[in-house]
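Note sheet for the following structure.
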Amino acid sequence: MKNKILKPVDLSKKLRAYENKWVALSFDYRKIFSSGKTLEEAIEKLKRKSREDVVFLKVLPFDMAYVPSNV
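Each residue of the sequence shown is one higher than the last, beginning at 1 in full-length UniProt numbering.
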């Protein structure tokens, strides 16, 4: 895959239905290929679709704030 400059994508509407789940997204973050309650479930569903070029993302609850920490 060539290095491309991707335009920003607002995922909030697309991911609302996947709250607290793992999703497999296309590299440009525009398509959702599979989802599951666990990463393993999302991977298993993805295998049936014969997709390997994806990005996995855990969709966090929308009613909470997440602040990363290095502690």
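Beta carbons are placed, not taken as given, at the ideal position from N, Cα and C, and that holds for glycine.
Treat the numbers as computed from the prediction; the structure is a model and nothing was measured.
Compute the distance between the beta-carbons of residue i and residue j, then report whether it is under 9 Å.
i, j, result
"V59", "V23", "yes"
"L25", "I32", "yes"
"Y29", "L46", "no"
"F27", "D53", "yes"
Which partner residues of residue i appear in the DSSP bridge assignment?
i, result
"A24", "S34, F56"
Given residue i, which residues of its chain have a CB within under 6 Å of its CB, disregarding the five upstream and five downstream residues?
i, result
"L15", "V59"
Under the assumption that residue i contacts residue j (Cβ atoms under 8 Å), give the Cβ distance between them as a whole number of angstroms.
i, j, result
"S50", "A42", "Incorrect: roughly 15 Å between the Cβ atoms, too far for contact."
If I measure Cβ to Cβ from residue i and keep anything under 7 Å in the same chain, skipping five residues before and after, which residues do I get?
i, result
"N20", "V59, P61"
"K37", "K21"
Return the chain-ordered list of same chain residues with a C-beta closer than 8 Å to the C-beta of residue i, the five sequence neighbours on each side being excluded.
i, result
"Y66", "L60"
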